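K.L.:
Listed in order, the protein sequences are those of chains V, R and P.
Under the numbering used here, read the first sequence as residues 276 to 484, first letter to last.
Under the numbering used here, read the second sequence as residues 20 to 570, first letter to last.
Under the numbering used here, read the third sequence as residues 462 to 830, first letter to last.
Ideal Cβ placement from N, Cα and C applies to all residues, glycine included.
Remember, it's a predicted structure, so these values are computed and weren't measured experimentally.
Encoded as structure tokens, here's the structure I'll be asking about.
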Amino acid sequence: MTATTDVLPTDHPVELAHGHGDGGINTALLGMLLFIASEIMFFAGLFAAYFSVRAKYGSHWPALPEGVEFAINPLVIIATLILVSSSGVIQWGLWRIRKGDRRGLNRAFALTMLMGLTFLAFQATDYVLLADEGISLNGSIFGSLFFTMTGFHGAHVLGGVIGIGIILSRGMTGQFSARNHVAVEAVSAYWHFVDVVWIFLFLTLYILR
Amino acid sequence: MATTALSPRAGAYPRSRVYEWLTTTDHKKIGIMYITSAYIFFLIGGLMALAIRTELAAPGTQFLNPDIFNQAFTMHGTTMVFFFVMPMLAGFANYIVPLQIGAADMAFPRINALSFWIIPVSALLLFSSFGLGGAAAGGWTSYTPLSEAKYAGIGQDFWLAGLLLNGVSSILGAINILATIFKLRAPGLTMLRLPIFVWTVLVTSVLLIFAVPVLASGLVMLFIDRNYGGAFFDPAAGGDTVLWQHVFWFFGHPEVYILILPAFGIISEVLPVFSRKPLFGYKAFVLATVSIGVLGFGVWAHHMFTTGAVFLPFFSITTFLISVPTGVKMFNWIATMWRGKLRFTTAMLFAVGFLASFLIGGLDGAFSASTPIDFALQDTYWIVSHLHYVLFGGSAFGIMAATYYWFPKMTGRFLDERLGKVQFVIMFVGAHLTFFPMHLLGISGMPRRIQDYAPNVGWQDLNLLATIGSYLIGFGTLVLLWNMFVALRGPRTAGDDPWDANTLEWATTSPPPSYNFDRLPEIRSERPLFDLKHGGAGHAPALPSGEGSQR
Amino acid sequence: MIRVPHRARRSLKVFAVAALVALVAGACQADSPGIFPPAAVTQQGTLTQDLYTFVFAIATAIFILVEGLIVWAVLRYRRRDDRLPVQTHGNLIAEAAWTVIPALIVIALFLLSMQAQDKIEAKSAAPDVVVDVVGFQWQWTIGYGCPDSYESATNVQPGQDCDFALTGAGKQGPDLHVPTGQTVRFRLHAADVIHAFYVPRFLYKKDVIPGRVNSFEVVVEQPGTYAGQCAELCGLGHGEMFLSLTAEDRGAYDAWYAAQVEGAKATPAPTQAGAYEVHISATTAAAFDQTEVSAPADTPLAIVFENRDLTVQHNVTVLKANPDGSDAIGLPFAQPGATVTYQVPPLKAGAYTYICTIHPNMTGTLAVQ
Numbered sequence: 276m277t278a279t280t281d282v283l284p285t286d287h288p289v290e291l292a293h294g295h296g297d298g299g300i301n302t303a304l305l306g307m308l309l310f311i312a313s314e315i316m317f318f319a320g321l322f323a324a325y326f327s328v329r330a331k332y333g334s335h336w337p338a339l340p341e342g343v344e345f346a347i348n349p350l351v352i353i354a355t356l357i358l359v360s361s362s363g364v365i366q367w368g369l370w371r372i373r374k375g376d377r378r379g380l381n382r383a384f385a386l387t388m389l390m391g392l393t394f395l396a397f398q399a400t401d402y403v404l405l406a407d408e409g410i411s412l413n414g415s416i417f418g419s420l421f422f423t424m425t426g427f428h429g430a431h432v433l434g435g436v437i438g439i440g441i442i443l444s445r446g447m448t449g450q451f452s453a454r455n456h457v458a459v460e461a462v463s464a465y466w467h468f469v470d471v472v473w474i475f476l477f478l479t480l481y482i483l484r
Numbered sequence: 020m021a022t023t024a025l026s027p028r029a030g031a032y033p034r035s036r037v038y039e040w041l042t043t044t045d046h047k048k049i050g051i052m053y054i055t056s057a058y059i060f061f062l063i064g065g066l067m068a069l070a071i072r073t074e075l076a077a078p079g080t081q082f083l084n085p086d087i088f089n090q091a092f093t094m095h096g097t098t099m100v101f102f103f104v105m106p107m108l109a110g111f112a113n114y115i116v117p118l119q120i121g122a123a124d125m126a127f128p129r130i131n132a133l134s135f136w137i138i139p140v141s142a143l144l145l146f147s148s149f150g151l152g153g154a155a156a157g158g159w160t161s162y163t164p165l166s167e168a169k170y171a172g173i174g175q176d177f178w179l180a181g182l183l184l185n186g187v188s189s190i191l192g193a194i195n196i197l198a199t200i201f202k203l204r205a206p207g208l209t210m211l212r213l214p215i216f217v218w219t220v221l222v223t224s225v226l227l228i229f230a231v232p233v234l235a236s237g238l239v240m241l242f243i244d245r246n247y248g249g250a251f252f253d254p255a256a257g258g259d260t261v262l263w264q265h266v267f268w269f270f271g272h273p274e275v276y277i278l279i280l281p282a283f284g285i286i287s288e289v290l291p292v293f294s295r296k297p298l299f300g301y302k303a304f305v306l307a308t309v310s311i312g313v314l315g316f317g318v319w320a321h322h323m324f325t326t327g328a329v330f331l332p333f334f335s336i337t338t339f340l341i342s343v344p345t346g347v348k349m350f351n352w353i354a355t356m357w358r359g360k361l362r363f364t365t366a367m368l369f370a371v372g373f374l375a376s377f378l379i380g381g382l383d384g385a386f387s388a389s390t391p392i393d394f395a396l397q398d399t400y401w402i403v404s405h406l407h408y409v410l411f412g413g414s415a416f417g418i419m420a421a422t423y424y425w426f427p428k429m430t431g432r433f434l435d436e437r438l439g440k441v442q443f444v445i446m447f448v449g450a451h452l453t454f455f456p457m458h459l460l461g462i463s464g465m466p467r468r469i470q471d472y473a474p475n476v477g478w479q480d481l482n483l484l485a486t487i488g489s490y491l492i493g494f495g496t497l498v499l500l501w502n503m504f505v506a507l508r509g510p511r512t513a514g515d516d517p518w519d520a521n522t523l524e525w526a527t528t529s530p531p532p533s534y535n536f537d538r539l540p541e542i543r544s545e546r547p548l549f550d551l552k553h554g555g556a557g558h559a560p561a562l563p564s565g566e567g568s569q570r
Numbered sequence: 462m463i464r465v466p467h468r469a470r471r472s473l474k475v476f477a478v479a480a481l482v483a484l485v486a487g488a489c490q491a492d493s494p495g496i497f498p499p500a501a502v503t504q505q506g507t508l509t510q511d512l513y514t515f516v517f518a519i520a521t522a523i524f525i526l527v528e529g530l531i532v533w534a535v536l537r538y539r540r541r542d543d544r545l546p547v548q549t550h551g552n553l554i555a556e557a558a559w560t561v562i563p564a565l566i567v568i569a570l571f572l573l574s575m576q577a578q579d580k581i582e583a584k585s586a587a588p589d590v591v592v593d594v595v596g597f598q599w600q601w602t603i604g605y606g607c608p609d610s611y612e613s614a615t616n617v618q619p620g621q622d623c624d625f626a627l628t629g630a631g632k633q634g635p636d637l638h639v640p641t642g643q644t645v646r647f648r649l650h651a652a653d654v655i656h657a658f659y660v661p662r663f664l665y666k667k668d669v670i671p672g673r674v675n676s677f678e679v680v681v682e683q684p685g686t687y688a689g690q691c692a693e694l695c696g697l698g699h700g701e702m703f704l705s706l707t708a709e710d711r712g713a714y715d716a717w718y719a720a721q722v723e724g725a726k727a728t729p730a731p732t733q734a735g736a737y738e739v740h741i742s743a744t745t746a747a748a749f750d751q752t753e754v755s756a757p758a759d760t761p762l763a764i765v766f767e768n769r770d771l772t773v774q775h776n777v778t779v780l781k782a783n784p785d786g787s788d789a790i791g792l793p794f795a796q797p798g799a800t801v802t803y804q805v806p807p808l809k810a811g812a813y814t815y816i817c818t819i820h821p822n823m824t825g826t827l828a829v830q
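Here you go:
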């Protein structure tokens, strides 16, 4: 599910086509959007599982072993703010390269990558703290759902960070321009998707409960 | 091939033919590899089916003990669905779609190669479980809690991992197909001029993108349950075991249409060509295909009527309604043949056999959509009969038609028509002999997935009949293999357009060059080649025009 | 193009049709499986039967119409010359007709189905008899007179808290009794995996699902004994998970009930003093850990059975050990991880076979010297 880098248009498959479609969206970007659609369905499956179990428990939620409490960690709020604002940063980078500003692109992507890594570090810290409190993947249905959903999201963040890293390394060698930056478009679309999934996860797991 | 040694390329290039196939990104070679491996899996799945039928031919345990029996039907179902029909249709889509839309290749050729090569790897993973402590034995549906760690061995993990990989292949393949159809169409080929096969593949790909990831999420959750102490589907640990069925069938029912829609498309190519008429009601057909795709996501819980955990009226009405677009197609096909000039090639025979058999599977649907009747028939051999009428009488007959229809394009050689007709008769009789008695067995109360039955319940004769039928199908398959073997050693006599066909794949050589087309005819309808040969849509007066013509 | 001679093709077709007709005709003989379900024995099943007949009639009409059109097209429109036929692209009226008419038919079928479904799934406020069915790998336990808590309790083991409980001896499974002409509610509980309670003559089945209690009601109208079987794959013994159901008039049912209650009171015999203890255990469903044990002759025996198999229940039944030559069935079954002691009457010298009634493949020899 996480073979995101395979979809990256590191070559230029469009050249192979002597067909002429409707114009409009770039082929590689279309591929990325379709891939994101399938990813959305993957998370939809997990969310469906969550809400189906959640509905069964009514007010007895989160269902945790006796004496274990689940509370929101301030770290997570900070991590959320970082991830949400990183979407703005990556979009800014995209706007820069559309105008042909390579340095702007590189700066924005470096910052996004850093923010993504910070998010992952905070998430790892949160996992350790939760484990100390006795909430883990095994042992309770809440734990299973929580760690599976956030864990798969984390893996997608990591995938996004790797994608951003590839863009960054190519950007440093000046491979993108105002006309040729479809890989940048694809990676930033993916990053927005990862961000939106987190907003839903955060609302579902921490706020609405 | 006999000419290999004489090929001038053999000496000129150090890279071998094998290396060329292993590293190819040509959609035609990848398509052929898909089709070849799918036929291999058809043989494996078929042998398992024969083993099952052998055991059930008579009461008592003769051939397979319950343990092996459960593994056999689980792997039979899994193999046929995920490793025969899906890769087979992906293979035909791979080969034919770029040709039919006048493209040089798929949108992402390297991802295309990746999608294919995942299949043998996932199959290896799945089948290795036979030697490593036993394969999965919980049915192709792998209902929890029977598939949880407490009740199922390591084979279940191999099953989960194998299907997960297989799913990645399907998703990547579907993305590739969609991007190809949307972006690489030849000039003039608007969406409403797409060949129907392309339309059905398009809708199938959308279904794959929306359905397979949901299965993947279920597979992942079950894997976590089994290996990391998760509690998703384990009621003892607070989970919800019916949830697995929801997740599985949310994928599983669109999957049924994933398996049948491309076969609809194949039939809709073959019938017009051998009737020498356009497909009757093209737009209605497209609309029906799309509405099947949409409705297909709203019927999943009709597999769960007896769980007592679903809202019956909703899933009953959606299931009833989905028969309407399917019925529209059936009438469109018959109307296509009506007043045509039918030529009964083997492909055409399989297409007509498809209509005759799939009709039964479709009418069965009206029974299982009716909740009270479903309460009686669910989980009996009636269901086994129904699903095989759809998947064998439907998908497999469609695949046979496609094989005979496109073999000349792929190889430049004809499959022998006489052998083909022998195969058709054997398979047609075999299929009905195998699957019709199962209707009766199910109605009289024989549950599915049982390894044995008592001698005094009256199920003996019909089971024996079904077993004889299954051996006929097996024999028919041997005829096909022999036919392919002989044809591939024969001369290339097919020519570019052996069937006097309508679509672009016949506007190039057989087999096509690696870049597919030197030049394309002008495209003004869904039958560009017909237009080229007969004056075309712009020169309608030259043709006898139908009174009921819409366009 | 190779063409199969016209005559040969036609004779093949005739053969295929004849074979199908013979198959259907053969299948329609009395008392063998046919295209109609066996006669329903419940009020509810009769509704299903009528619905089935109605749907079947409509399906048959459509089948004959459509197959007729296919066969007509195949016979009538075979290519006889190379002239291009009229290129008909569509016909709005025809297409509208074959969209709307089927839609109306299926909506009618849907409404009829819902009407029947409402009656079949209806629950009465106070059923005359409530039977609790517990499915486990690979048998059934049936509880009569169980407490009201069973209505929603998911993990139940009918025993002392019920009037009595039945379990099957060997492959036959338990024999449930129900009164005819009265409302019987079945409450379905699963101890391990999903099973399905299926009595074909009811024309009905319902899944038995761990973590939830399903229930349904029937009024059995025809007295008789009917076979039932698990209908949802539940593992190795799925094909041998039988039960039988006897419907009799209320008087006979009450007498049977009273006898069962008596039997339940009498069964739990206290451990006999001085009994010789035989220890047997089982770790898997493949075999007993001990396949040969010995005991002295003419001494009461106590078989201490430890079920170390954490997945399924087992027991120890000594074949032909009772004075009347019947089997000494080990009841109750030992739950996973539990140890149960079974009393066996004094035995004469000889070799006795013991088995697990749930898994008759588990056997051992009791040598009495």
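Flag this pair as yes or no: are the beta carbons of I372 (chain V) and V459 (chain V) separated by less than 8 Å?
P.N.:
Going by C-beta atoms, I372 (chain V) is nearer than 8 Å to V459 (chain V).
K.L.:
Assuming the contact rule is C-beta atoms closer than 8 Å, F316 (chain R) and K348 (chain R) should be a hit. Round their C-beta distance to whole Å, please.
P.N.:
Not really, about 19 Å apart at Cβ, beyond 8 Å.
K.L.:
If you run the structure through DSSP and keep just helix, strand and coil, what is Y605 (chain P)?
P.N.:
If DSSP states are grouped into helix, strand and coil, Y605 (chain P) belongs with the strands.
K.L.:
Let me confirm a value: H405 (chain R) is counted as buried when at least 16 other C-beta atoms fall within 10 Å, else exposed. Which label applies?
P.N.:
H405 (chain R) comes out buried.
K.L.:
Quick one, which residues of the region 329 to 344 of chain R are near chain V if we go by CB-CB under 9 Å, in chain order?
P.N.:
Answer in chain order: no residues at all.
K.L.:
Hey, would you say T778 (chain P) sits closer than 8 Å to G791 (chain P), going by beta carbons?
P.N.:
Against a cut-off of 8 Å, the Cβ pair of G791 (chain P) and T778 (chain P) comes out as a contact.
K.L.:
Any C-beta of chain V sitting closer than 8 Å to the C-beta of G257 (chain R)?
P.N.:
Interface residue, yes.
K.L.:
Let me know the alpha helix (DSSP H) ranges lying completely inside the region 600 to 668 of chain P, each 4 residues or longer, listed in chain order.
P.N.:
Entirely contained in the region 600 to 668 of chain P, not one alpha helix (DSSP H) run reaches 4 residues.
K.L.:
Report the residues of the region 434 to 448 of chain V with a CB closer than 7 Å to any CB of chain R, ordered along the chain.
P.N.:
The residues in question: there are none.
K.L.:
For Y162 (chain R), name the three-state secondary structure that DSSP assigns.
P.N.:
Three-state DSSP puts Y162 (chain R) in coil, outside helix and strand.
K.L.:
Do you know how far the Cα of I353 (chain V) is from the Cα of E408 (chain V)?
P.N.:
Roughly 20 Å between the two C-alpha positions.
K.L.:
With DSSP run on the structure shown, which of helix, strand or coil describes E545 (chain R)?
P.N.:
Here E545 (chain R) sits in coil by DSSP.
K.L.:
Can you give me the Cβ contacts of G604 (chain P) inside the same chain, cut-off strictly under 6 Å, excluding the 5 residues immediately before and after it?
P.N.:
Cβ neighbours of G604 (chain P) beyond the five flanking positions: D593, P619, C623 and A626.
K.L.:
With 8 Å as the limit, tell me which residues of the region 350 to 361 of chain R have their beta carbon closer than that to any beta carbon of chain P; keep them in chain order.
P.N.:
Here the close residues are F350, N351, I353, A354, M356, W357, R358, G359, K360 and L361.
K.L.:
Can you find a C-beta in chain R that's less than 8 Å from the C-beta of D668 (chain P)?
P.N.:
For D668 (chain P), the answer is yes, since a Cβ of chain R falls inside 8 Å of its Cβ.
K.L.:
Identify, in the order they occur along the chain, each residue of the same chain with its Cβ nearer than 6 Å to the Cβ of S411 (chain V), setting aside the five sequence neighbours on each side.
P.N.:
Taken in chain order, the residues that qualify are G418.
K.L.:
Which residues mark the beginning and the end of the beta strand (DSSP E) in which F766 (chain P) is found?
P.N.:
Start and end: L762 to N768.
K.L.:
Evaluate the contact criterion for the region 663 to 676 of chain P versus the region 747 to 759 of chain P: three or more CB pairs, one atom per stretch, below 8 Å.
P.N.:
No: fewer than three Cβ pairs fall under 8 Å.
K.L.:
Buried or exposed: S334 (chain V), going by 16 or more other Cβ atoms within 10 Å of its Cβ?
P.N.:
Looking at its Cβ environment, which holds fewer than 16 other Cβ atoms inside 10 Å, S334 (chain V) is exposed.
K.L.:
To which residues of the same chain is F135 (chain R) closer than 7 Å at the C-beta, ignoring the five residues directly before and after it?
P.N.:
Counting only Cβ-Cβ distances below 7 Å, and skipping sequence neighbours, we find I49, M52 and Y53.
K.L.:
Using the beta-carbon count (16 or more within 10 Å), is P640 (chain P) buried or exposed?
P.N.:
Buried is the call here.
K.L.:
Between which two residues does the alpha helix (DSSP H) carrying F677 (chain P) extend?
P.N.:
Premise fails: F677 (chain P) lies in the beta strand (DSSP E), N675 to V680, not in any alpha helix (DSSP H).
K.L.:
Going along chain R, which residues have a C-beta under 9 Å from I416 (chain V)?
P.N.:
Simply G249, A250, F251, D253, A256, G257, G258 and D259.
K.L.:
Relative to the C-alpha of T43 (chain R), which residue among R:S287, R:A156, R:D124 and R:H322 is closest?
P.N.:
Checking every option, the nearest Cα to that of T43 (chain R) belongs to R:D124.
K.L.:
I'd like the list of long-range same chain contacts for F103 (chain R), defined as Cβ closer than 6 Å, with 5 residues on each side in sequence excluded.
P.N.:
For F103 (chain R), where only same-chain residues beyond five positions count, the Cβ hits under 6 Å are A57, F60, F61 and G64.
K.L.:
I need the boundaries of the alpha helix (DSSP H) containing G551 (chain P), first residue and last residue.
P.N.:
G551 (chain P) -> no alpha helix (DSSP H), and no H or E assigned at all.
K.L.:
Can L361 (chain R) and F443 (chain R) be called in contact, C-beta distance under 8 Å?
P.N.:
Cβ atoms of L361 (chain R) and F443 (chain R): not closer than 8 Å.
K.L.:
Could you name the residues that DSSP lists as bridge partners for C691 (chain P)?
P.N.:
According to DSSP, C691 (chain P) bridges with P:F658.
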